[in-house]
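Participant: Chains G and E, in that order, are what the protein sequence lines are.
With our numbering as the guide, the letters of the first sequence map in order to residues 77 to 168.
With our numbering as the guide, the letters of the second sequence map in order to residues 7 to 239.
Note that beta-carbon positions come from the ideal geometry of N, C-alpha and C, so glycine has one too.
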Amino acid sequence: MDSLALVAAVSIFTAGTTIAIGAIGPALGEGRAAAQALSAIAQQPDEANRITRTLFVSLAMIESTAIYCFVISMILLFANPFWQHFLSAADG
Amino acid sequence: MDITPDAIVLVDLGPLAINATIAFTWLVMLFLTLASWLVTRRLSDDAKLSRFQNLLEVVVFGMRDQIRDVARADPGRYLPFIGTLFLFIVTSNILAMVPGFRPPTGSLSTTTALAICVFVAVPLYAILESGPRAYLAKYLQPTVFMLPFNIIGEISRTIALAVRLYGNVMSGTVIVAILIGVAPFFFPVLMQLLGLLTGVIQAYIFAVLAMVYIASATRSHTGDDASPDEPQT
């Protein structure tokens, strides 16, 4: 296998693994956060506005780890610097 | 496929290439400026007002209320900065529905610029509020040994702010582009609706986080009103 095919294979495999493993943690975390917020709203319906706002902000913060993984896998698939390097090396 | 509108060059003027990010950023700015100029040209203060003035009043009052809730302080000083961030991001995210428009927030350069604005605004507001000594003393807050961690936290949350917005907006664009190739017509429309929701929520979150960072830097550390809704990253 030449280096170009190797880079392609490893990139595709790693992109899939990145988003697959990276989604597990945030999914569990968001589930816990949403469950806690729902029970908090059930106990104190008056505070629903503030709880909802805090919930949205914390969901976004939890989700950002998954978004980092997504960005990494998108870079690996569509803007891979090593792919470009070996492509230009193969041309020249 | 382009994962950033930076790569699309619209006009090439030799050393200065106008890419899609710059063009659409100026378009959004022009749109916001023109719209607010047109509405505020004829303001009325009696019971009968134009519907656009009503809209603008609702938007401004909503932002003031949100800022007051988060900062527990008079929103007047923070409204220009936080409100501008929110309006710019929400307009460019919503205009993503227009065919041919690439949201400038889907480029890492734009979101980094916005995050750096927040990074600069936090010490500015804190120093205006309580003076440079009190602001710098916060870096030594629990103990002196926390100084490097406080600095790292300051930088990492700026990066997180930029990458979060970029990742969310870019993922919407890329997913729609992929789905148009795989399952055209109906399914991409659903994902675009989801992207609309995500865009508005992300604009809200960007503004709220900026406000939370500013508020946590300006608030006196006597701890009488230590806020429970103060996420740390």
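#1: Taking only beta-carbon positions, decide if Val83/G is within less than 8 Å of chain E.
#2: From the DSSP output, which residues share a beta bridge with Ile207/E?
#3: Go ahead and label Gly107/G buried or exposed: buried means 16 or more other beta carbons lie within 10 angstroms of its beta carbon, across all protein chains shown.
#4: Can you tell which of Asp51/E, Ala216/E and Thr10/E has its C-alpha closest to the C-alpha of Leu120/E?
#5: If we define contact as Cβ-Cβ less than 8 Å, is Ile184/E a contact residue for chain G?
#6: Does the beta-carbon of Met103/E have 16 or more other beta-carbons within 10 angstroms, so that it is buried, or is it exposed?
#7: Can you pull the chain E residues whose beta carbon is under 9 Å from the beta carbon of Phe154/G, in chain order?
#8: Given that a residue counts as buried once 16 or more other Cβ atoms are within 10 Å of its Cβ, and exposed if not, what is Gly68/E?
#9: Do you know how far the Cα of Arg225/E is from the Cα of Tyr84/E?
#10: Helix, strand or coil for Ile9/E per DSSP?
#11: Can you grab the Cα-Cα spacing for the pair Ile157/E / Leu44/E, in whole Å?
#12: Could one say the Cβ of Ser140/G lies closer than 8 Å to chain E's Cβ atoms, at least one of them?
#13: By alpha-carbon positions, which one of Tyr219/E, Ala221/E and Ile9/E ends up nearest to Pro110/E?
#14: Give the list of continuous alpha helix (DSSP H) stretches no shorter than 4 residues that lie fully inside the segment 22-62 of chain E.
#15: Report buried or exposed for Thr127/G, applying the criterion of at least 16 other Cβ atoms within 10 angstroms of its Cβ.
#16: In terms of alpha-carbon separation, which member of Ala84/G, Gly101/G, Leu152/G and Asp122/G lies closest to Leu135/G?
#17: Applying the 10 Å Cβ sphere with the 16-neighbour rule, what's the burial state of Ala13/E?
#18: Could you spell out the range, first to last residue, of the alpha helix (DSSP H) harbouring Val96/E?
#19: Answer yes or no: do Val3/E and Thr90/E have a C-beta to C-beta separation smaller than 8 Å?
#20: Can you tell me whether Gly201/E is buried or exposed, with buried defined as 16 or more other CB within 10 angstroms of its CB?
#21: Taking Cβ positions, are Gly205/E and Val169/E nearer each other than 8 Å?
#22: In the DSSP assignment, find the unbroken beta strand (DSSP E) run with Asp18/E in it and report its ends.
#23: Would you say Ala136/G reaches chain E, if we count a Cβ-Cβ gap shorter than 8 Å as a contact?
#24: Between Val34/E and Phe87/E, is the Cβ-Cβ spacing less than 8 Å?
#25: Within the continuous alpha helix (DSSP H) that includes Arg163/E, where are the two ends?
#26: Check each candidate in Ala223/E, Tyr210/E, Ile220/E and Ala221/E and name the one with the smallest Cα separation from Met178/G.
#27: Between which residues of its own chain and Leu131/G is the CB-CB distance below 8 Å, once the five residues before and five after are set aside?
#28: For Lys144/E, which residues of its own chain have a beta-carbon under 6 Å away from its beta-carbon, when the five flanking residues on both sides are left out?
#29: Does Ile211/E get closer than 8 Å to chain G when you measure Cβ to Cβ?
#30: Could you tell me if Phe37/E is buried or exposed, where buried requires 16 or more neighbouring beta carbons within 10 angstroms of its beta carbon?
Facilitator: According to the data block:
#1: For the purposes of this step, residue 83/G is taken as the residue at position 7 of the first sequence. Val83/G is outside the set of residues whose beta carbon lies under 8 Å from a beta carbon in chain E.
#2: Looking up residue 207/E in the second sequence gives position 201. In the DSSP output, where bridge partners are listed per residue, Ile207/E has none listed.
#3: Numbered from 1 along the first sequence, position 31 holds the residue referred to as residue 107/G. The C-beta of Gly107/G has fewer than 16 other C-beta atoms within 10 Å across all chains shown, which makes the residue exposed.
#4: Locating residue 120/E in the second sequence gives position 114, counting from the first residue. Checked all of Asp51/E, Ala216/E and Thr10/E; the closest Cα to Leu120/E is Ala216/E.
#5: Residue 184/E sits at position 178 when you count from the first residue of the second sequence. Taking Cβ atoms only, chain G never reaches closer than 8 Å to Ile184/E, which makes this a no.
#6: Translated into positions along the second sequence, residue 103/E becomes position 97. Result: exposed.
#7: The sequence position of residue 154/G within the first sequence is 78, counting from 1. By Cβ distance, chain E contributes Met7, Asp8, Ile9 and Val180.
#8: Residue 68/E sits at position 62 when you count from the first residue of the second sequence. Gly68/E comes out exposed.
#9: Taking the first residue of the second sequence as position 1, residue 84/E is located at position 78. Taking the first residue of the second sequence as position 1, residue 225/E is located at position 219. Distance from the CA of Tyr84/E to the CA of Arg225/E, rounded to the nearest whole angstrom, comes to 13 Å.
#10: Counting from one through the second sequence, the residue named residue 9/E turns up at place 3. Looking at Ile9/E - three-state DSSP - the assignment turns out to be coil, as it is neither helix nor strand.
#11: Taking the first residue of the second sequence as position 1, residue 157/E is located at position 151. Taking the first residue of the second sequence as position 1, residue 44/E is located at position 38. Using only the alpha carbons, I get a separation of about 44 Å.
#12: The count along the first sequence starts at 1 and reaches residue 140/G at position 64. Closer than 8 Å to some Cβ of chain E, the Cβ of Ser140/G qualifies, so yes.
#13: Locating residue 110/E in the second sequence gives position 104, counting from the first residue. Among Tyr219/E, Ala221/E and Ile9/E, the Cα nearest to that of Pro110/E belongs to Ile9/E.
#14: Runs of alpha helix (DSSP H) with 4 or more residues, each lying fully within the segment 22-62 of chain E, are found at 26-46, listed in chain order.
#15: For the purposes of this step, residue 127/G is taken as the residue at position 51 of the first sequence. In the sequence as displayed, the identity of residue 127/G is Ile instead of Thr. With 16 or more other Cβ atoms inside 10 Å of its own Cβ, Ile127/G counts as buried.
#16: Counting from 1 along the first sequence, the entry for residue 135/G is found at position 59. For Leu135/G, the nearest C-alpha among the options comes from Gly101/G.
#17: Taking the second sequence and counting its residues from 1, one reaches residue 13/E at position 7. The residue in question, Ala13/E, is exposed, as its Cβ has fewer than 16 Cβ neighbours within 10 Å.
#18: By 1-based counting over the second sequence, the position of residue 96/E is 90. Leu85 to Ile100 is the extent of the alpha helix (DSSP H) around Val96/E.
#19: With chain E covering 7 to 239 only, the question about residue 3/E has no answer from this structure.
#20: Taking the second sequence and counting its residues from 1, one reaches residue 201/E at position 195. It is buried - the Cβ of Gly201/E has at least 16 other Cβ atoms within 10 Å.
#21: Here residue 205/E refers to the residue found at position 199 of the second sequence. Here residue 169/E refers to the residue found at position 163 of the second sequence. No, Cβ-Cβ distance for Gly205/E and Val169/E is not below 8 Å.
#22: As a position in the second sequence, residue 18/E is number 12, starting the count at 1. In the DSSP assignment, Asp18/E falls within the unbroken beta strand (DSSP E) covering Val15 to Leu19.
#23: Numbered from 1 along the first sequence, position 60 holds the residue referred to as residue 136/G. For Ala136/G, the nearest CB of chain E lies under 8 Å from its own CB, placing it at the interface with that chain.
#24: Taking the first residue of the second sequence as 1, we reach residue 34/E at position 28. Taking the first residue of the second sequence as 1, we reach residue 87/E at position 81. Result no, Cβ atoms of Val34/E and Phe87/E do not sit closer than 8 Å.
#25: As a working mapping, residue 163/E is identified with position 157 in the second sequence. Where Arg163/E is concerned, the enclosing alpha helix (DSSP H) stretches over Leu153 to Val188.
#26: The structure shown does not extend to residue 178/G, since chain G is modelled only from 77 to 168, so the question has no answer here.
#27: Residue numbering aside, residue 131/G sits at position 55 when the first sequence is read from its first letter. Counting only Cβ-Cβ distances below 8 Å, and skipping sequence neighbours, we find Ala109, Ala110 and Ala113.
#28: If you number the second sequence from 1, residue 144/E lands on position 138. Counting only Cβ-Cβ distances below 6 Å, and skipping sequence neighbours, we find nothing.
#29: Looking up residue 211/E in the second sequence gives position 205. So yes, Ile211/E belongs to the interface.
#30: In the second sequence, residue 37/E corresponds to position 31, counting from 1. Counting the other CB atoms within 10 Å of its CB gives Phe37/E a total below 16, which places it among the exposed residues.
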